[in-house]
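Enquirer: By the working numbering, the letter at position 29 of the sequence shown is numbered 317, and the numbering carries on one by one without gaps.
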Amino acid sequence: VDIATANAWNKGLRDSFERFPELKNNFGFVGEAHERNRMLKPVVRQYYTEQFVQKYPSYDITQQEATVNAYVKKYMKNLQIGKNVFAVSYSPQEQELLGFRGASVNKDWGKNSEDFIEVLTYSVQNKSRPMGCETIRSVLDHEIGHQLNDMLGIQGMSEVKKLFDNRTKQELTNDISAYTWNNNNSNKYSEMIAEAWSEYCNNPQPREIAKTIGETIEAEYAKKFGAK
């Protein structure tokens, strides 16, 4: 990625870790998403190999390799980076994979920060992204929102679910963004939380959804880890 993208990412991480010191424990990898996958793949292979040997010690090496290859292929397929994806958040639970937790930017966008910002600006204008989120920093804040959600369990709170469930798709588009509901995430609340956190951090006057979720995240963090 270019220097402007890297600087925006690093500054955003520094600010987020100062704001939420415990969040740093959720980060083992920071960088580019394809590079993360390249480094992760052999670790995933080793993980599945060890799991297979423990569970099926009598299987021969040919059976072992075939099965492990299938598991690795499926796992890595789920982590493929689409060209339209700006960045990704990754939160594995397996101890062996924790070194790769974090937020990574897609080189297809990060390699040219001017083009990146131009597309982000257009995305805000057509309501694909929240108000105030025209910057590369706001992309990181979206992924930070996912990490905070994973750490604090925001998506399970009834008051947060109501923000989504009590609105039509058009209302969600107008009140936060179209990506809030128009995405491939299997958890329907997850992207709303990430979008809301991004707006809360970047819009000087965050709207209701962003303000409610932003304040909820801050309150839940303080409740779990104490005041900053």
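For glycine and all other residues, C-beta sits at the position ideal for the given N, C-alpha and C.
Any beta-carbon of chain B closer than 8 Å to the one on residue 379?
Expert: No chain B is part of this structure, which consists of one protein chain only.
Enquirer: Relative to the C-alpha of residue 294, which residue among 428, 498, 343, 327 is closest?
Expert: 428
Enquirer: Under the three-state reduction of DSSP, which class applies to residue 422: helix, strand or coil?
Expert: Secondary structure of residue 422 (DSSP, three-state): coil.
Enquirer: Ends of the alpha helix (DSSP H) at residue 407?
Expert: That run of the alpha helix (DSSP H) goes 401 to 413.
Enquirer: What is the DSSP secondary structure of residue 346, reduced to helix, strand or coil?
Expert: coil
Enquirer: Tell me which same chain residues have a C-beta within less than 8 Å of the C-beta of residue 462, skipping the five on either side of it?
Expert: 415
Enquirer: Taking the alpha carbon of residue 476 as the point to measure from, which residue in 296, 484, 452, 408 has its own alpha carbon closest?
Expert: 452
Enquirer: Where does the unbroken beta strand (DSSP E) through residue 474 begin, and where does it stop?
Expert: Element bounds for residue 474: n/a, residue is neither H nor E.
Enquirer: Measure from the alpha carbon of residue 500 to the alpha carbon of each residue in 446, 304, 322, then state which is nearest.
Expert: 446
Enquirer: So, with DSSP's three-state summary, where would you put residue 318?
Expert: coil
Enquirer: Cα separation between residue 385 and residue 355?
Expert: 19 Å
Enquirer: Excluding the 5 residues preceding and the 5 following residue 425 in the sequence, name in chain order all residues of the same chain whose CB lies nearer than 6 Å to its CB.
Expert: 296, 300
Enquirer: Do you know offhand how far residue 306's Cα is from residue 344's?
Expert: Cα to Cα, the separation comes out at about 46 Å.
Enquirer: Quick one: what's got a C-beta closer than 8 Å to residue 327's C-beta in the same chain, skipping five residues either side?
Expert: 317, 388
Enquirer: Just how far apart, CA to CA, sit residue 466 and residue 491?
Expert: Rounded to whole angstroms, residue 466 to residue 491 spans 17 Å at the Cα level.
Enquirer: The ligand ZN heavy atoms versus the CB of residue 461: any closer than 7 Å?
Expert: Questions concerning the ligand ZN fall outside what the structure shown contains, since it holds no ligand whatsoever.
Enquirer: Count the other CB atoms within 10 Å of the CB of residue 448; is the residue buried (16 or more) or exposed (fewer)?
Expert: buried
Enquirer: By alpha-carbon positions, which one of 373, 357, 423 ends up nearest to residue 408?
Expert: 423
Enquirer: Pull up the distance between the alpha-carbon of residue 502 and that of residue 436, whole angstroms please.
Expert: 10 Å
Enquirer: How big is the Cα-Cα spacing for residue 391 and residue 374?
Expert: 11 Å
Enquirer: Is the beta carbon of residue 332 sitting closer than 8 Å to the one on residue 360?
Expert: yes
Enquirer: For residue 341, does the three-state DSSP call read helix, strand or coil?
Expert: helix
Enquirer: Residue 289: which of 319, 431, 315, 337 sits nearest, CA to CA?
Expert: That would be 319, whose Cα lies nearest to the Cα of residue 289.
Enquirer: Alpha carbon to alpha carbon, what distance is there between residue 482 and residue 431?
Expert: 7 Å
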